[in-house]
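To get the numbering used here, take the position in the sequence shown, counting from 1, and add 3.
Even glycine gets a Cβ: it sits at the ideal position worked out from N, Cα and C.
Heads up, the thing below is written out as structure tokens.
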Amino acid sequence: MCPLTPRNRTWVYSLGWEVIGVIDTEGDRAEWSFPAEPGAVRTARRAVRNQLRHWDLDSVGDIAALLVSELVTNALRHATGPIGVRLVRPAHLDGVLLVEVSDPLPDPPRERVARLDDESGRGLQLVASSARRWGTRPGGAGKTVWFELAVPVDGA
């Protein structure tokens with residue numbers, strides 16, 4: 004976790020202290036760790052929107068925030084412990100935003116077909132239909148669900 008700099012301190016204050024820590028918000032990546040509490044969904048959405056605005060990527064702010072909130076909600080429902088959110092603008096992939104949500108549960112998520120009257124079960128379908136690509140990977144202590152969004156290329 005990075006030390007609280009004046010810039011990061013502003014992030015923590017603007018997120019309402021509902022964040023365990025700002026890991027990094029400099030350069031072409033940003034990372035946060037959120038407590039496994041219901042307020043984490045709202046705070047993660049806000050952090051993602053703020054960072055994308057800072058990167059002049061407002062055009063994908065709504066869809067990125069929506070998909071992050073779906074994945075953070077899944078993490079809250081099925082796992083305990085901190086939830087990590089990471090945004091990356093890979094240098095080797097022009098026009099791509101990589102978004103990752105990590106939690107301590109090692110089991111990969113399963114897409115399911117929700118019935119018309121079901122109140123849940125559509126999050127992964129939404130990710131699959133909205134993202135350029137998506138997937139999961141095991142981690143040292145849990146898993147990461149990731150997706151890619153197409154973003155405007157610099158200078159285009």
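Test item: CB-CB of residue i and residue j under 7 Å
| i | j | result |
| --- | --- | --- |
| Val-51 | Ala-67 | yes |
| Leu-90 | Gln-54 | yes |
| Val-75 | Val-44 | yes |
| Asp-106 | Ala-144 | no |
| Val-116 | Glu-151 | no |
| Val-148 | Leu-60 | no |
| Asp-31 | Arg-80 | no |
| Asn-77 | Gly-142 | no |
| Ala-47 | Val-71 | yes |
Three-state class that DSSP yields for residue i in the structure shown
| i | result |
| --- | --- |
| Gly-144 | Here residue 144 is Ala; the residue named in the question, Gly, does not match the sequence. The answer is coil: DSSP assigns Ala-144 none of H, G, I, E or B. |
| Arg-136 | strand |
| His-108 | Residue 108 is actually Leu in this sequence, not His. Correct three-state label for Leu-108: coil. |
| Ala-50 | helix |
| Ala-153 | strand |
| Val-99 | strand |
| Arg-113 | coil |
| Ala-43 | helix |
| Asp-27 | At Asp-27, the pLDDT of 49 sits below 50, so the modelled position is not reliable; the number obtained from the coordinates is stated separately. Asp-27: strand per DSSP, three-state reduction. |
Pick from the options that is closest to residue i, judged by C-alpha positions
| i | options | result |
| --- | --- | --- |
| Val-104 | His-95, Leu-69, Gly-98, Asp-97 | Leu-69 |
| Ala-131 | Ala-94, Thr-83, Pro-112, Ala-82 | Pro-112 |
| Val-102 | Gly-84, Pro-109, Glu-73, Asp-110 | Glu-73 |
| Gly-84 | Leu-108, Asp-97, Ala-94 | Leu-108 |
| Ala-134 | Asp-65, Ala-94, Trp-35 | Asp-65 |
| Ser-36 | Asp-110, Arg-49, Ile-86, Arg-136 | Ile-86 |
| Lys-146 | His-57, Val-156, Asp-110, Arg-56 | Asp-110 |
| Leu-96 | His-57, Ala-33, Val-156 | Val-156 |
Minimum Cβ-Cβ distance from residue i to chain B less than 7 Å
| i | result |
| --- | --- |
| Arg-92 | Any reference to chain B falls outside this structure, which holds one protein chain only. |
Legend entry - Ranges of the alpha helix (DSSP H) found wholly within the segment 61-96, counting only runs of at least 4: Listed in chain order, the alpha helix (DSSP H) elements of length 4 or more contained wholly in the segment 61-96 are 64-81.
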